[in-house]
Each structure stands twice: as structure tokens, then as C-alpha cells.
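So for the sequence shown, full-length UniProt numbering puts the first residue at 1; every next one is plus one.
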Amino acid sequence: TPYYDYSFLYSSVKLAHARQLKRCSRHIFSFDSVTPSQWDNFSAHIDNLCNISPTTFASWHVNRMCEYLHANIIAGANAVLPARTVGNNHIPKLPKDLKTLIQHYHFLNRILHSIKLLRKYPHTFSSSHDRKWSGYLIRLNNIFNLYKSIFSAIPVLPSSLFSCQTDNFNNLIQTLSHASKLLRGLHLLKEKEFQDSSIKAHLETCDQNFNTDISSFINSALSRSHHLKDISDAVVNHFQIVVPIKATPPSYIFVLPNRWRSEYSPMNTVSLNIYSSLLSPPSLKEWLPTVFSMLNGKAPSPSMITYEMLKHLGPTTNSLLLTLIRKCFASADIPDLWRQTMVFPIPKPHEWRCQLKNTRPITLLKVIRKSFVKLFYNRLSAILATHNVLKGGNFAGLPEGTCRDPIITLESIIHDANHNNSFLWILSQDISKAFDSVNLTMLKFALERICLPASAITLILSLFMNCSNWVFTVYSEISSYQVRIGIDQGEVISPLLWVIYIDSLLTVLKNEMLDPYILRSPILLSNMTGFTSDIIINNLVFMDDSTLISSSKAGLEHMLSITEEFYVLNNTSANH
């Protein structure tokens, strides 16, 4: 089968492509060098910009409120805070003669542009132009002499621009334009020669690899496309369908299979009263500590607003921001701007081999959104922990959750089985793409199961509905795509939502135990305490890592059938 090795074509990076990459720049604020007085000026400047009436501001839609605050915070940062622009600084190495030719070509074009401006605005001409021209004239003559082979006759330039006013600079512009076209032609010719020589060198390397390094030869011959559109389509296609939607879950709980219809029904052990303060308007005393609990030095979203900025807002801006936060609670909705996120594909520890499946997507969310969600998470997690709402026994997601306890418990079980020569069956499972596979309909059922108020459920679901992502690559931002399924890994509340999501499965496993492992307490301890504290265990779970434990093969198979039933229902799969 014939193939074409595209790497030959791209062994020499086009200069236009290099310039395109260099334009992909970002504005970064230098927080390490900000002085206390600059922070004071920043706070005061934004407060002056936010001079709107609080009553008028409160009457706006959350979208308008968010855009107003965003624009003024960034305007204040740009006006006061030190910053620098960074970008892709990679420039292909060029032969010295080609690099010099490009510099001369650009210089000639800058002079030509200046002369054209004088022709367009002749009244701006002054003696300073003549003084500059005397210096330019020397360099232009040197350029013409250096490349005299491309001229039929070396151009003769006037010694003074003053004399060129008689024909409104037309003759000079014609001479410089002709010289520019000739240099452009020479530039393209030299660049083509450079590309040809680079391709030839690459061919020689490929021939050498065929004899000495066959793997490099094969990698080179895979004909990978480098076109922006092809890369954009591949990136969007990967991230949009990274978790295939195999089936659509029922829209109502009563349509679920019997086991799950019963389990997803609202828990009769939970009182609605425990959530009475969940959506109450937060005070400044609750909001500010939440903001200050967020870590500095985090990569900002494309909005460029950072936690450092939020922590240095003035009283006026803080008051308006709190109004926005309160309105989000009251309306159970968030601004559309908070639904637009940036995804950075970070290579996993092993070699990524240009495969997007070997990357870990890091989602950059708006810092105001994350602070808002953190406040909501603090409230919800405290309620769930205080009232022991979740019964599945997941060791993560809630305050003070740790992987220490399940590890110690598993070690104790293995030691006990070895010591007593007991039967022990263990199966470890890792949920594949756990957060990315969360179905919002099933999440809604899980939230209704713990009797969460309807408005709170609406607010949680609004965080993940109608969202769009941009993927950042070497070509800067790839076209956006609509998120079809899942919850953001970078969201503060996502771990807790996963624990709520899977709690129904863990509860069923506990309620339908078959041959669990019994970790018996030492006889000495039983005699001292007067009672036996045996522990009955059939699973240990920390976040999306679960360990099924049984004293028989039948018991393990029984649990596997339950988990597989749950995974099919929830569009989830596990790695065993």
C-alpha cells in the first residue's frame, strides 16, 4: 500500500506558520511583584469603575451583573497591576543569509509604508523626515548593492525627501515597490531552497533510521495530518465523545427496575428541615472567608480573573459581587459566562505518543464561580455529614474523608484471612472516566433520593447544563464544543456529587449482602469489653475506587451482578 510521509513536507516549518504561533499570546499578571500600594490602587480603581446604584445593579439579570463585574475587574487589573505578555516563542532556525534577507525585506516594507503615509497626508511632512531619510538612504543603498544580482539596474534613490514632494512621492514609491517585489521573490526562492534541503536531510535521516532505528522510521511514516482544521476536528471529536453515551436512562424513577426504583425513592430517614438554610442569602462574613480559603497561584480561566484579585476587591465591588452571589442562590441559576470553560490536555506520566487518550484534561473554571460553588459545597457537605445522610460508606467527598481508613481495614482483613486460614475473595474496581460519565438525569434521581430541595437540585444541575468547552493546543484555542455528559473534574463540588451519585449502589450492596467477610475482634479484646465487636464487610470504597470483598465466590459474583446492573443503568463502566 503506498503512503506519503507528511513529515517530509513539514520538516521545515513555514515562516508564516511560525508567525501564526507567535501571535498566540497571553497576558499574565505578575502578582509576585505587586506592592501593597498597588493593591490599594487596584481596589480603589475598581470601586471607582463600579459606580452603579446597588438598586439598579440588583435589578439586572445575572448575565449582565457578571459581565459588568468581569469587565471592571479586568479593566482595573490592566490599569494598575504589572503584567507581561507571553506566547509561543518557537522560531525555526534559519540559515543566516535567509534570516538577513527577511530582515532587509521587512525594513524596506516599513520605509515604503512610511512614504505612502506621507503621500496620503502630505501636510505631515517636516524636516525630521529628511533627517531620518539620510540614515535610511545609507542602509537602503547597502541592501540594493548586496542583492544587485536581482536588479537589472541598481535603483537610484533621491538624496532628500523634500524633492519628492513635486510628484507627491509617486516615483519613489514606484521604485521602492519594485524593489520590494524583487526581494519578496528572492525571499520565497531562498525559503524554498531551505525547505528542499531540510526535506533532503530528513529523507537521509529516515533512510538511516530504517537501518538503525526502525521504530523511529515507522513513527515518521504514519502520515499524521498537521492541518489546523484536521487537528481541531480530532480534538473536538475526542473530548465530546470521550465517554460514549450507550443508553438513555429513564426519565422517571417509577420506570426504573424494581431494585433501583425502591433505592432511588426519597429516603424516609431524611427530614427536609435539615436543608432549611442551604440556599439562604450568604452574608459578607460567610462570603469573604470562602474567597480567602481559595489558594493563590492557580491558573486563571480565559477571563484572567484570579483569586488574588478577588481577595483585593474594594468594599463597593465586594458588595456588588455579593449581590450577584445572592441572586444566584435566589434564582438557582448561574451566569452563562460561568458555563464557558477552557480545557488543557496535560500528558499523563507515561509517554503520550500523540494520543489524546493519553492526556488528562484539566478544566479551568471561573474563579468567582468556584468560590460560589465552594460556599455552597461547605453548606451541603456539613449538612450531609452532621445528619449522616449518606449510608453507602464511601470514605471520600465529605469533610475529613481520608483513604487511610479503607487501606488499614483492607490490610486487617488480609491479615485476618491469612492468620485464620479463612476464605477471602477480593475484586478491585476503578470506575472509568467517573466524573465524565455522570448522567445528569441519574444525578437528579440521586439528589432527589437524599430529599434535596428542588431549587437546590436545579442550582446543582445548572452548573453542568448548556456548557461549552474550548481546548487549548499549540494552535491556541480550538473551536468550542457542547458538553454532552458528565460533571467538571475541576469543580469543587464534583467529588461530593460523585459520592451522592454512587451512594445508592453502595447502599444496595450493604442491604443485599451475601457471604460478606466477617472481621472478628480478638478474643482478649472481647473479654475485656464484655461484647463482641465483629465487623461485617463486603466493600470498601474511596471516591471511584472500590474493593468488593466476600468470603465466597458466589458472594463476589452476586455483588458483581449488582454493580454491572448499576453501571449499565448509569452509562458507566469499570476497570477490574
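Every residue, glycine too, gets a C-beta built ideally from N, C-alpha and C.
Every value quoted in this text rests on a predicted model; they were computed, and no experiment measured them.
Indicate the three-state DSSP secondary structure (helix, strand or coil) for Ser526 in the structure shown. Locating residue 526 in the sequence shown gives position 526, where the first residue counts as 1. Bear in mind that the predicted position of Ser526 carries a pLDDT of just 48, short of 50, making it too unreliable to give a figure here.
Any alpha helix (DSSP H) of 4 or more consecutive residues that is wholly inside the region 382-429: 404-420
Keeping to the same chain, check which residues put their C-beta closer than 6 angstroms to that of Arg520; ignore five residues upstream and five downstream. For the purposes of this step, residue 520 is taken as residue 520 along the sequence shown, with counting starting at 1. So the list reads Asp534, once near-sequence residues are dropped.
Check whether His113 and Leu183 have beta carbons under 9 angstroms apart: Within the sequence shown, the letter at position 113 stands for residue 113. Within the sequence shown, the letter at position 183 stands for residue 183. No, the Cβ-Cβ distance between His113 and Leu183 is not below 9 angstroms.
Work out the CA separation of Asn421 and Phe435 for me, nearest whole Å. Looking up residue 435 in the sequence shown gives position 435. Looking up residue 421 in the sequence shown gives position 421. Rounded to whole angstroms, Phe435 to Asn421 spans 39 angstroms at the Cα level.
Here's the rule: buried if 16 or more other CB atoms are within 10 angstroms of the residue's CB, otherwise exposed. What is Met559? Numbered from 1 along the sequence shown, position 559 holds the residue referred to as residue 559. Result: buried.
Buried or exposed (CB count within 10 angstroms, at least 16 for buried), Phe329: Counted from its first residue, the sequence shown places residue 329 at position 329. With 16 or more Cβ atoms within 10 Å of its Cβ, Phe329 is classed as buried.
For His27, does the three-state DSSP call read helix, strand or coil? Against the sequence shown, residue 27 aligns to sequence position 27. Note: His27 maps to strand in three-state DSSP.
Taking the C-alpha atoms as reference points, what is the distance between Lys132 and Arg110? Your numbering for residue 132 matches position 132 in the sequence shown. Your numbering for residue 110 matches position 110 in the sequence shown. Cα to Cα, the separation comes out at about 13 angstroms.
When the Cα atoms are used, what is the spatial distance from Lys366 to Ile274? Within the sequence shown, the letter at position 366 stands for residue 366. Within the sequence shown, the letter at position 274 stands for residue 274. Each residue's Cα considered, the two are about 30 angstroms apart.
For the region 388-397 against the region 487-507, are there 3 or more C-beta pairs whose distance is under 8 angstroms? yes
Where does Leu94 sit, in a helix, a strand or coil, going by DSSP? Residue 94 sits at position 94 when you count from the first residue of the sequence shown. Coil, per DSSP.
Put Ala332 into one of helix, strand or coil per three-state DSSP. Your numbering for residue 332 matches position 332 in the sequence shown. If DSSP states are grouped into helix, strand and coil, Ala332 belongs with coil.
Provide the residue(s) that pair with Tyr147 in DSSP beta bridges, ordered along the chain. In the sequence shown, counting from the first residue as 1, residue 147 sits at position 147. The partner list for Tyr147 (beta bridge, DSSP) is empty, contrary to what the question assumes.
CA-CA distance, residue 579 and Leu313? Missing from the structure shown is residue 579; the chain here goes from 1 to 576 and no further.
Given that a residue counts as buried once 16 or more other Cβ atoms are within 10 Å of its Cβ, and exposed if not, what is Met465? If you number the sequence shown from 1, residue 465 lands on position 465. Result: exposed.
Of the choices Cys50, Asn439 and Lys510, whose alpha-carbon is the least far from that of Ala247? For the purposes of this step, residue 247 is taken as the residue at position 247 of the sequence shown. Of the listed residues, the one whose Cα sits closest to Ala247 is Asn439.
Less than 6 angstroms between C-beta atoms, sequence neighbours within five positions excluded: which residues of the same chain meet that for Pro406? Your numbering for residue 406 matches position 406 in the sequence shown. Closer than 6 angstroms at the Cβ level, and outside the excluded window around Pro406, lie Phe395, Leu540 and Phe542.
Spatial distance of Tyr501 from Arg449 (CA atoms): For this step, residue 501 is matched to residue 501 along the sequence shown. For this step, residue 449 is matched to residue 449 along the sequence shown. C-alpha separation (whole angstroms): 10 angstroms.
Would you check if the distance between the CB atom of Ile485 and the CB atom of Ser437 is smaller than 9 angstroms? Within the sequence shown, the letter at position 485 stands for residue 485. Within the sequence shown, the letter at position 437 stands for residue 437. Yes, Cβ-Cβ distance for Ile485 and Ser437 is below 9 angstroms.
Separation of Ile549 from Glu557, as counted between CA atoms: Within the sequence shown, numbered from 1, the residue matching residue 557 stands at position 557. Within the sequence shown, numbered from 1, the residue matching residue 549 stands at position 549. Each residue's alpha carbon lies about 10 angstroms from the other.
Cα separation between Ile138 and Glu193? Working through the sequence shown from its first residue, we reach residue 138 at position 138. Working through the sequence shown from its first residue, we reach residue 193 at position 193. Between Ile138 and Glu193, the C-alpha separation is close to 30 angstroms.
For Gln355, count neighbouring C-beta atoms within 10 Å of its own C-beta (all shown protein chains included) and say buried if the count is 16 or more, exposed if not. Locating residue 355 in the sequence shown gives position 355, where the first residue counts as 1. Exposed is the call here.
Beta carbon of Asn141 nearer than 9 angstroms to that of Leu157: One-based indexing of the sequence shown puts residue 141 at position 141. One-based indexing of the sequence shown puts residue 157 at position 157. Yes, these two residues count as a Cβ contact at 9 angstroms.
What three-state label does DSSP hand Val291 in the structure shown? Along the sequence shown, one-based indexing puts residue 291 at 291. Three-state result, Val291: helix.
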